[in-house]
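For the record, the sequence lines run as chains D and V.
Going by this note's numbering, the first residue of the first sequence is number 49, and it counts up by one from there.
Going by this note's numbering, the first residue of the second sequence is number 41, and it counts up by one from there.
Built from N, CA and C at the ideal position, the CB exists for glycine as well.
Notes to accompany the following structure.
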Amino acid sequence: MKKIIILFAFMFVVNACNSGGGDGANDSTPLPNNTPLGQASVVDDVSAKNILQVAIGSKDHTTLVAAVQAAQIEHVLVNAGPLTVFAPTNAAFDALPEGTVETLLKPENKSKLAFILTNHAAPGSFNQAALKKEARKGRKIYTAAGDYLEVVVEGETITVGGAKILGTIQTSNGVINVVDKIILPAEK
Amino acid sequence: MKLSFKYITLLTMLAISYGLTSCGGGDSKSGALNSSAAEKVFVAPGEHDEFYAFISGGFSGQLAVYGLPSGRLFKVIPVFSVDGEKAYGFNEETKPMLETSYGSIPWDDSHHPDISQTNGELDGRWVFINANNTPRIARISLSTFETEEIIEIPNSAGNHSSSFVTENTEYVIAGTRFSIPIPQKDISIDEYKGNFKGALSFVSVDPEEGHMEVAFQILMPGFNYDLTHPGRGKSHGWMFFSTYNTEEANTLLEVNASQNDKDFIAAINWKKAEEYIKAGKFKTMPAKYAHNLYDESTHSATSTMMKSVKVLDPSELPGLVYFLPTPKSPHGCDVDPSGEYIVGSGKLAASLTVHSFTKMLKAIEDKKFDGEAYGIPILNFDAVNAGTVVQPGLGPLHTEFDGKGNAYTTFFISSEVVKWQLGTWKVLDRKPTYYSVGHLMIPGGNSRKPFGKYLLAMNKITKDRYLPTGPEVCQSAQLYDITGEKMELLLDFPTIGEPHYAAGCPADLLKPNSKKIYRLEDNNHPYVTKTEKETKVVRKGKDVHIYMTMIRSHFAPDNIEGVKVGDRVYFHVTNLEQDYDVPHGIAVIGANTSELLIMPGQTETFVWEPKQVGVWPFYCTDFCSALHQEMQGYVRVSPRNSNRALKWSLDGE
């Protein structure tokens, strides 16, 4: 009983010593943990929306957003970029063999998922006009996963790495091209 | 085991007292700072400071933005000096900001920042700061943190007693340290006495836009006007100026201006001045002074030369000015939050003199005058004196208040801050500074509502405080916790230039208003380019105007041909980004000016006069993005007699 009281009193003192700290200083939390999502933690309702914010606001991309969150690569999509994201719709994910998405979303597959997702991102800003120019000049899109994707234009249809562009959205840090297929990285 | 309540209490108290000694004591041998102090100034990574501090850059001419309690530097706002980093004074848009009646001036000496007020409390709209050398006052926006306006002060020289605001920001004040012939003329310096005058200027501030105008000047006797503070509360409507050199010496002032036992604090009834102006009792004097205004919508400044000023002569206008005798060359002239006490810090006096506003009004009513100076009544010292802080230290300079009945005065010679009590005039505490402190600042210090948590002492001498950097070392500032009975030194940090004074306010007052981006749709710059499609290059004789855009990660256009040696090439560059903290920069080889650093939605212009034939690169100077190193372009420069037509492109289009 006595020991408990002394311990209690001692804890009180220790607490008193710490109480003067800055509002973010808390001994129980490691310091870098106050922004776990990196730049994705930034609150900014003034700037034009970035790729992540646009994706989160799209009802056709809930699976993509869930996958990005499971892979913990949100910060990549809010980075200064510039970045072009080929964003598969929910239907594109649904078209994968049954169980694929569920398997990829498992924590132990985090790095594999991240690798697949980064194959849908390319440095640079490629809207449809720029993609047509890529096709015309025979230039390929180099993805963040290291693949070169061919751009094919047939009439008004543009495909990148075999995925058809369904629409394009300009964002503050790059371009989102909505696509109808998952662009799996080439086997190496 | 049975434990009595007393025993528990005793144990707890023992433990607490142990704790106090081990973490709160100031007697550690490890130096002035202890772990408790470290915790008090520690702002964890990603967290924000509790206060903003706007610390004058002194002879740098600028204003620095720090956080308290951490002492971290966030921004140096260019005000009176050119700044190549931000293109201030180098780009075409801001060049007019540095115009004066003497032409363009690239430097000044900035002194006393003060934040705008409403009802005697900080309102966080603007911060003002004065230029001492070529007299000017600047207004800085506290949403963009950029200088928006600079007005020159005519008939003034050494604009030291400036730029303090009245309690509804009706006026921002400019005194004159040096008296001069008004108007200026070619006379012998020996004719100083009686012929030189000191102009005290009342610069009105538009309550909506903040635009400044020299409303009127009071032409005072040829003393030196050192510092000033507004009355507040009951003394609102009055302004108090310290004076020295009432001897009117014009040489070896260190001796000749220290002869009189007492100089004056000049009490100006500016409400009365307004009545006299309204009644037409002013003279309009020809004058020449620049008024420079930056327009956020055009992202450009204009300079207008003003031609006249209204002046009031206090010798002919009763009730306008009274002199309060104050011992030995008073420097600081500070008014407590209630507006009752006016503290005069006689630089050479052994004691601090405090005057009473209530007694002053009574003395005026009872005509308790001890003569006059140039037609201005001198009030009887005992009739106005509230009290004296006896021998508090050596070389008193400035006083601030905590809003809890205490005053804090700096002492230059004895290198200390002294806490004393208003009313009893008793010294309560003293703490050394390192070294030779000048001004001090308590956030909200020049207002009815100080935030009495921290005190910042700004020192003149640094010597061995930091790692040495050759003969020239930075100036030091020290932060004290003033929440307790005794002051506690918390932190020591370096400052830019010489910090003459600072203004502080709670961070929450400004944070929500800080602008993130400029809206592209609101950009009314005459050379704005809002889309890449509209980019072009236009020749008008020898002037070539490039309408250029920048976005991650390219310029449009980035290949330009048809420029010739001897052309004046204007790069009008618009940052198309609408994303917070994505500025782009631009610089071209051989340009005789600075880079541009352009914020999202903003347009800036620099001029390049190519002198040699060739192909010359330009590039983005701010690491903007992953493809920043790819953000570049070329200009082909042909001989003067070339017939090459202008041509511009991006990726061949």
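Residue i: contacting residues in chain D (beta-carbon distance under 9 Å)
i, result
"V:Arg-176", "Within 9 Å Cβ-Cβ: nothing; V:Arg-176 doesn't reach chain D, min ~33 Å."
Assigned exposure category for residue i - 16 Cβ within 10 Å defines buried
i, result
"V:Asn-296", "exposed"
"V:Thr-134", "buried"
"V:Asp-37", "Because chain V is modelled from 41 through 693, residue 37 of chain V falls outside the range shown and cannot be assessed."
"D:Phe-174", "buried"
"V:Glu-512", "exposed"
"D:Asp-93", "exposed"
"D:Ser-89", "exposed"
"V:Lys-345", "The sequence as given places Met at residue 345 of chain V; Lys does not occur at that position. Exposed, because fewer than 16 other Cβ atoms sit within 10 Å of the Cβ of V:Met-345."
"D:Glu-182", "buried"
"D:Thr-166", "buried"
"V:Arg-165", "buried"
"V:Ala-685", "exposed"
"V:Phe-168", "buried"
"V:Ile-453", "exposed"
"D:Ile-230", "buried"
"V:Pro-552", "exposed"
"V:Lys-233", "exposed"
"V:Gln-431", "exposed"
"V:Lys-471", "buried"
"V:Asp-224", "The sequence shown places Gln at residue 224 of chain V, not Asp. So V:Gln-224 counts as exposed."
"D:Ile-224", "buried"
"V:Val-677", "buried"
"V:Pro-679", "exposed"
"D:Val-116", "buried"
Beta-carbon neighbours of residue i, restricted to chain D and to distances below 7 Å
i, result
"V:Cys-664", "Ala-128"
"V:Ser-593", "Pro-130"
Of the listed residues the options, nearest to residue i (C-alpha basis)
i, options, result
"V:Gly-623", "V:Lys-126, V:Phe-91, V:Ser-203", "For clarity, residue 623 of chain V is Pro in the given sequence; the question names Gly instead. Looking at the Cα atoms, V:Lys-126 is the closest of the given residues."
"D:Glu-202", "D:Ile-224, D:Leu-153, D:Leu-179, D:Val-90", "D:Leu-179"
"V:Arg-608", "V:Arg-592, V:Thr-645, V:Ile-626", "V:Thr-645"
"D:Ala-237", "D:Glu-122, D:Ser-89, D:Leu-85", "Since the first residue shown for chain D is 49 and the last is 236, residue 237 of chain D is missing from the structure and cannot be characterised."
"V:Gly-98", "V:Val-81, V:Ile-117, V:Gln-461", "V:Ile-117"
"V:Ile-482", "V:Ala-447, V:Ser-282, V:Ser-554", "V:Ala-447"
"V:Thr-324", "V:Leu-352, V:Trp-310, V:Lys-312", "V:Leu-352"
"V:Arg-179", "V:Ala-197, V:Gly-463, V:Thr-209, V:Gly-198", "V:Thr-209"
"V:Gly-435", "V:Lys-444, V:Thr-643, V:Arg-176, V:Ser-391", "V:Ser-391"
"V:Gly-492", "V:Lys-311, V:Thr-643, V:Gly-484", "V:Gly-484"
"V:Lys-149", "V:Ile-308, V:Ser-156, V:Asn-199, V:Pro-136", "Per the sequence shown, the amino acid found at residue 149 of chain V is Asp instead of Lys. That would be V:Asn-199, whose Cα lies nearest to the Cα of V:Asp-149."
"V:Ser-337", "V:Thr-184, V:Gln-515, V:Tyr-316", "V:Thr-184"
"V:Ser-181", "V:Glu-192, V:Asp-226, V:His-251", "V:His-251"
"D:Val-208", "D:Gln-87, D:Ser-220, D:Asp-195", "D:Asp-195"
"V:Gln-672", "V:Trp-656, V:Arg-680, V:Lys-687", "V:Trp-656"
Per DSSP, the bridge partner or partners of residue i
i, result
"V:Asp-123", "V:Tyr-128"
"V:Lys-115", "V:Val-105"
"V:Asp-374", "V:Val-383"
"D:Phe-174", "None; D:Phe-174 has no bridge partner."
"V:Ser-516", "V:Pro-534"
"V:Gln-672", "V:Tyr-659"
"V:Tyr-475", "In DSSP, V:Tyr-475 forms no bridge with anything."
"V:Val-457", "V:Thr-450, V:Lys-471"
"V:Asp-303", "V:Thr-366"
"V:Asn-564", "DSSP, once it has assigned bridges, lists no residue as partnering V:Asn-564."
"V:Tyr-265", "V:Thr-283"
Closer than 7 Å at the beta carbon, the chain V residues around residue i
i, result
"D:Ala-96", "Gln-618, Asp-619"
"D:Ala-225", "In the sequence as presented, Ala is not what sits at residue 225 of chain D; that position holds Asn. Going along chain V, no residue has its Cβ under 7 Å from D:Asn-225, so there is no contact; the nearest lies around 17 Å."
"D:Ser-159", "By Cβ distance, chain V contributes nothing, its closest Cβ being about 21 Å from D:Ser-159, past 7 Å."
Chain D residues whose Cβ lies nearer than 8 Å to that of residue i
i, result
"V:Leu-667", "Pro-130, Pro-171, Gly-172"
Cutoff 8 Å: residue i Cβ touching any chain A Cβ
i, result
"V:Ile-557", "Here chain A cannot be found, since the structure's protein chains are D and V."
Within chain V, partners of residue i - CB distance below 8 Å
i, result
"D:Asp-41", "Nothing about residue 41 of chain D can be read from this structure; chain D reaches only from 49 to 236."
"D:Asn-175", "The premise fails here: D:Asn-175 is roughly 11 Å from chain V at the closest Cβ pair, so nothing lies under 8 Å."
"D:Ser-106", "Ordered by position in chain V, no residue passes the 8 Å Cβ test against D:Ser-106, which lies about 19 Å from the chain."
Amino acids of chain V, ordered along the chain, whose beta-carbon sits closer than 9 Å to that of residue i
i, result
"D:Asn-167", "What D:Asn-167 touches in chain V: nothing, since even the nearest Cβ is about 17 Å away."
For residue j and residue i, believed in contact at Cβ under 8 Å, the rounded distance
i, j, result
"V:Ile-229", "V:Met-279", "Contact doesn't hold; Cβ gap of about 30 Å is too wide."
"V:Ile-95", "V:Ala-542", "4 Å"
"V:Phe-727", "V:Pro-490", "For residue 727 of chain V there is no data in the structure shown, the boundaries of chain V being 41 and 693."
"V:Ser-275", "V:Gly-384", "Wrong, their Cβ atoms sit about 15 Å apart, outside the cutoff."
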